[in-house]
Every structure is written in C-alpha cells, then in structure tokens.
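Structure first, commentary second.
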Amino acid sequence: RLRKWQTRARVQTSYERNFVQAAQELERLKSAMGVPRPCVEQALEIYRQALEKELVRGRSVEAMAAAALYMACRMLKTPRPLDELIRFTKASRREVARCYRLLLRELNVRVPISDPVLYISRVAEQLKLTGDVVKTAIDIINKAKKAGLTAGKDPAGLAAAAVYIASLLHGDNRTQKDFAIAAGVTEVTVRNRYKELAKALDIKIPIK
Amino acid sequence: MESSKRQGPTHKIENIVATVNLGVELDLEQLAEKLPVAEYNPDQFPGLILRLTKPRISALIFRTGKMVCTGAKNENDLKNAVHALVKLLNDHGANVPLNPEVQVQNIVASGSLNAEVDLEQAALLLENAMYEPEQFPGLIYRMTDPRVVVLIFGSGKIVCTGAKSEKDVAVAVQQLYDKLREIGVLYVEEGGGEEAEELEEEGEEEE
DNA sequence: GCTTTAAAAAGTAACTT
DNA sequence: AAGTTACTTTTCAAAGC
C-alpha cells in the first residue's frame, strides 16, 4: 500500500507539483501587478499545455509562468509590456523572452500582433483622461497605420505619443514625461513618435 | 503609363564566418607571450584572439589547432587572412601547413527590397514568421529552402543570415522578394496618394 | 545553456555635452 | 535637445564549464 502511494505521489509530483508552483507564482504576479483574473486563468491553461508538451524541462517555473502570463494578457487584449512583467519576476528578460518564443512556436496558439490601440486605454486610465481624448488618440493611431508609420515601432511608444497629441488637441496640459512614464517608455521616444506623427499626419497643435 | 523601373532586391555580403583546421596542436600560452597583440584569457574563453587590421578580420585560435575567422566581406579577403595568420603563427614558433582546409560556416548579408513592407500583414501571411515590435523592429522570417533566416524591416531593408554560400544569399533574397510580392505586402512610395487628415488649429509648440 | 568573434538592420535606452 | 555608445534580434564554429 505504501509503494502504491509513493508511485502515485511520484506521478503527481512531476506534473502537479510543478503546476501548483506555477499557479502560486501566477497568483503572486496577479497581486503584484494587478492583472485581471481571466488573464491568470488563461495563463494557467497555457502553462498546463506547456507542461503536457514538456516545454518546461530545464527551464525555471518563474520564467515560464511569466511568459505564459505575458502571452495570456496579449491573447485577452489587455497587454502588459514585457519589461514591466520582468520587474516583478526573478527570471531574466532573456529567459522569459525565450520561453515566450518557445510557447509561440510549440503551442498552436495565435497571439494577436501588438496593437498600439490596446495601450491607449491603459495610458488614459493612469492619467485619468476623458473618453474624447481616447477617441482622438485611437483616430490618430488608425491614421498612422494607414500611412504606414507604425511598422517596427514599439506600440507603447506610439500609444503614448498619440494620447499626448490627443491631450494637446483637447486642451489638457500634461508633460511628455507623464505620458512616457504611463506607457513605460522614455520621453525621447514619446517626443520622436510625436514629432513623426504630427508631421506626417499634418496635425497642428494649438498654442495653449 | 506605369514605368516598370522596379529595381528589385539588392544585397551585399557583410560578414563571413569560417572555420579553419590547422591540423596541429598549438601552444597558446607561448603564442600569447610572443604575440603582444593577442588576447588570451583561458578563464574567460578557451580561444586566443588575434585581430588583423588590413581587412578587419578576427581569429579565434584553439589549442586543438582549429580556428574560427570572422569579419571577412568576401572569400578572397578570407583566403588572404588565413594565409597571413598561418605565416604569423609560423613566425612565432608554430609549425602549421601553408594551405589549411577552410570551411565557410555562415554568411551575413544586408540588402534592400527597394519597397516598403507591411510587416503586420506579412506576419499574418507568412508561415514561419515572427513579428514582435515590442522586442525587435524587424520581422524574423525562417526560410527552409536555402536554410536561412531573414530579418525584414518596414523600410524594405533586410538582413539575411545563416547562409553557407554567396549563392544561397542571392537565391534567398530573390525568393523572398518574389514571395512578398506574391502575397502583396510590398509597396512603392508613390502608391496611391494617401491623405493626411487635418485635425485642428495651427501653431507652434514650445515649452 | 554560457563564454567570445563579426556584421547589418531600426528601435529604444542611457549617459554626456 | 543633440551626440555617443550600447543593447535588442538572427546566424555559426571553436573548447570547456
């Protein structure tokens, strides 16, 4: 009877124990980062698939859990920048990025391409901007896409610049630094994208 | 009314990585002492590093007599560099054959499709493509025919890596160009005069 | 898996002036 | 704000940890 229990325990440890560790880690990340529950649930599902396909072998639970959460947030249209996630994990951005690519390739999942529009609401929320500003910012991003100005650019930087321009157009007075911090990019990036968008889309900024 | 002066793709070899088997064991400690320009920190890396200046080519020389040469932009410079390295080694106590076996292991080339690329659309339509602008501005495309990896940028500039011969590069670049044209993600500047909507007043911004 | 070499692309970042 | 330098991605071999 004892041997039977040990065998069952051993079978469970290879899968269950790792899964429980991942669940605890994801729970910790959720509390620390304020990630919506659905994202954690989706991340758990991704992690479960990764375990079934033995993708966790030789990799840290933390790195794989972070990669699963990053992927889950993107799949549920509430993306969090990888560099933000990295601040809450012990795993290096190199390994989390590697795990993410592994999940991308090995699981037949479709992760939507990063969309600057999805970062607009996050920035607007943090800075408590109005719906009108958000609407204008989305408008700017859509025009930028049609004009081919978004290829290769960090979606967070594009969103920050679009919201910055929208704010100026609506009379709000927030500094570029405020938008940069809210989007997790530098002021230089906001300024570069802002100049580029304003010039290419011929947007005239009113003097306050 | 359409002038077909599409240039098509162009490319240039930027770096060739090759291995050389000198077939003789080498005393790296002794070589390092006689060659002050050499870098040798066995605790950090087992190879001795030598940098040639004429064409800027670097060599990693190992105890086993095997060597890795990087930095050459064409096979001729590579051959000359190998000869120069052999002479240099022989002038400092080693005794290696004059014409060692050289194998090209990797060729990196940069180039241009001479057309802008809709990376987002390309990522959706290409099979082995990965496009993550949050992490890297280029689309990573893994080609299986010539087994190479191509980094494709919105500007149409590309980087082809992993090729074993200059011909592989040429074939890969042309194939990539044909495929991208086929799926309709290449755009020439003029295209259709797109508009840039007006949004507000005019003025200057200053802080 | 890491270490070291080289090289390009375009974007972002971190310092200095 | 401009300049520099430097890091992100990809590829590859070598010998050893």
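In the order they appear, the protein sequences are chains A and B. Each residue of the first sequence is one higher than the one before, starting from 1 at the first, in this note's numbering. Each residue of the second sequence is one higher than the one before, starting from 1 at the first, in this note's numbering. From the three backbone atoms N, C-alpha and C, an ideal C-beta is built for every residue, glycine too.
Asked	Found
Does DSSP classify B:E39 as helix, strand or coil?	strand
Which residue's Cα is closest to the Cα of A:L129: A:G157, A:A97, A:R98 and A:A162?	A:A162
Under 8 Å between the Cβ atoms of B:I61 and B:A72?	no
Measuring alpha carbon to alpha carbon, tell me which of A:Q24, A:S92, A:L76 and A:V188 ends up nearest A:D83.	A:S92
My guess is that B:L119 and A:G58 are in contact by the Cβ rule of under 8 Å, so how many angstroms apart are they, rounded?	Not confirmed; about 32 Å, so no contact.
State the DSSP-derived secondary structure class of B:K12, mapped to helix, strand or coil.	strand
Can you grab the Cα-Cα spacing for the pair A:A124 / B:G8, in whole Å?	44 Å
Sorted by chain position, which residues of the same chain lie with C-beta nearer than 8 Å to B:T137's C-beta, five sequence neighbours on each side aside?	The sequence shown places Pro at residue 137 of chain B, not Thr. F153 and G154, listed in sequence order.
Is A:E16 closer than 8 Å to A:A63 when the C-beta atoms are compared?	no
With three or more beta-carbon pairs closer than 8 Å as the criterion, would you say the region 99-115 of chain B touches the region 158-172 of chain B?	yes
Does B:L119 get closer than 8 Å to chain A when you measure Cβ to Cβ?	yes
Name the chain B residues whose beta carbon is nearer than 9 Å to that of A:I141?	Neighbours of A:I141 on chain B: none; closest Cβ ~13 Å, over 9 Å.
Any idea what DSSP makes of A:T189, helix, strand or coil?	helix
In terms of residue numbering, what span does the beta strand (DSSP E) encompassing B:T161 cover?	K157 to A163
Does the CB of B:E25 have a neighbour CB from chain A at under 8 Å?	no
If we count Cβ pairs, one from each stretch, closer than 8 Å, do we get three or more for the region 26-38 of chain B versus the region 85-97 of chain B?	yes
Let me know the beta strand (DSSP E) ranges lying completely inside the region 99-124 of chain B, each 3 residues or longer, listed in chain order.	101-112
Bridge partners for B:V69 per DSSP, in chain order?	A quick correction: the sequence has Cys, not Val, at residue 69 of chain B. Paired residues: B:A18 and B:A59.
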